[in-house]
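Numbering (my numbering), first residue to last: 7 to 184. Where is the CB? At the ideal position from N, CA and C, for every residue including glycine. In what follows, a structure is listed as structure tokens, so that the remarks can point back to it.
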């Protein structure tokens, strides 16, 4: 459903602003299509490869549209790199990490009853949490189990940040290092 609406909006843009400059088309894409695909993405993160692929295909088609390059031999990955667009999966991971930082730092009014600190820290940082046991994949990939997995994988330099801006810049540093 999300991909259908995003694809139809992208196609509408492609029909109506195809002669505009690249920056205008990129602005229209980031203003009209990206919010459709990212609405509620902190809570709903597709865990099946098929759903993730469908979402990423919308972005890949949009990259072709923005760069005016529809040749079959052109590399869409290089187009995404040139446009400096991160994958939607990377954006969802970063959004979950930021929300988890807000929860741990008490910046949002969400109960921390789901967060059980680990007793022993073998590696990583000193603010790791136990990942709740999930009997179903629906719960396994829901917000708290997924966000805790992301949080536990972050380096100490990101966790030690005192402000949200510092944490976001650390996430950017981690992303560019990969």
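Measuring CA to CA, which of 75, 123, 165 is closest to residue 253?
Shown here, the chain extends from 7 to 184; a query on residue 253 therefore has no answer.
Is it right to say residue 176 is buried, meaning 16 or more other beta carbons lie within 10 angstroms of its own, or is it exposed?
Counting from one through the chain shown, the residue named residue 176 turns up at place 170. That one is buried.
Residue 154 to residue 109 span [Cα, whole Å]
Position 148 of the chain shown, counted from the start, is the residue given in the question as residue 154. Position 103 of the chain shown, counted from the start, is the residue given in the question as residue 109. So the alpha carbons of these two residues sit roughly 11 Å apart.
Spatial neighbours of residue 121 in its chain, beta-carbon cut-off 6 Å, leaving aside the 5 residues before and after
Here residue 121 is taken as the residue at index 115 of the chain shown, counted from 1. These residues qualify, in order along the chain: 135.
State yes or no: is the C-beta of residue 138 within less than 9 Å of the C-beta of residue 151?
Counted from its first residue, the chain shown places residue 138 at position 132. Counted from its first residue, the chain shown places residue 151 at position 145. Yes.
Which value, in whole angstroms, describes the spacing of the CA atoms of residue 159 and residue 174?
Residue 159 sits at position 153 when you count from the first residue of the chain shown. Residue 174 sits at position 168 when you count from the first residue of the chain shown. When rounded, the distance between both Cα atoms is 15 Å.
What are the residues that DSSP puts in a beta bridge with residue 117?
The count along the chain shown starts at 1 and reaches residue 117 at position 111. BP columns for residue 117 are empty, so no partner.
Where does residue 52 sit, in a helix, a strand or coil, going by DSSP?
Locating residue 52 in the chain shown gives position 46, where the first residue counts as 1. In this structure, residue 52 counts as coil in the three-state DSSP scheme.
Compute the Euclidean distance between the alpha carbons of residue 22 and residue 114, then round it to the nearest angstrom.
Residue numbering aside, residue 22 sits at position 16 when the chain shown is read from its first letter. Residue numbering aside, residue 114 sits at position 108 when the chain shown is read from its first letter. In a straight line, the C-alpha of residue 22 is about 41 Å away from that of residue 114.
Who does residue 135 pair with in a DSSP beta bridge?
Sequence index remark: in the chain shown, residue 135 carries index 129 (1-based). Beta-bridge pairing links residue 135 to 123.
Assigned exposure category for residue 170 - 16 Cβ within 10 Å defines buried:
Mapped onto the chain shown, residue 170 falls at position 164. Residue 170 comes out exposed.
Could you tell me which of 140, 18, 104, 123 sits nearest to residue 168, measuring between CA atoms?
For this step, residue 168 is matched to residue 162 along the chain shown. Taking only the C-alpha atoms, the option nearest residue 168 is 104.
Just to confirm, is the Cβ distance from residue 86 to residue 100 under 9 Å?
Position 80 of the chain shown, counted from the first residue, corresponds to residue 86. Position 94 of the chain shown, counted from the first residue, corresponds to residue 100. It is not a contact, given that the beta carbons lie outside the stated cut-off.
Less than 9 Å between the beta carbons of residue 42 and residue 15, yes or no?
Position 36 of the chain shown, counted from the start, is the residue given in the question as residue 42. Position 9 of the chain shown, counted from the start, is the residue given in the question as residue 15. Cβ atoms of residue 42 and residue 15: closer than 9 Å.
Along the chain, where does the alpha helix (DSSP H) containing residue 91 start, and where does it finish?
The residue labelled residue 91 in the question sits at position 85 within the chain shown. Run containing residue 91: none; DSSP gives neither H nor E here.
State the DSSP-derived secondary structure class of residue 78, mapped to helix, strand or coil.
Counting from one through the chain shown, the residue named residue 78 turns up at place 72. Reduced to three states, the DSSP call for residue 78 is coil.
The alpha helix (DSSP H) spanning residue 16 covers which residue range?
Within the chain shown, the letter at position 10 stands for residue 16. Counting along the chain, the alpha helix (DSSP H) containing residue 16 begins and ends at 8–22.
Along the chain, where does the alpha helix (DSSP H) containing residue 164 start, and where does it finish?
Here residue 164 refers to the residue found at position 158 when the chain shown is read from its first residue. First-last of the alpha helix (DSSP H) with residue 164: 162–165.
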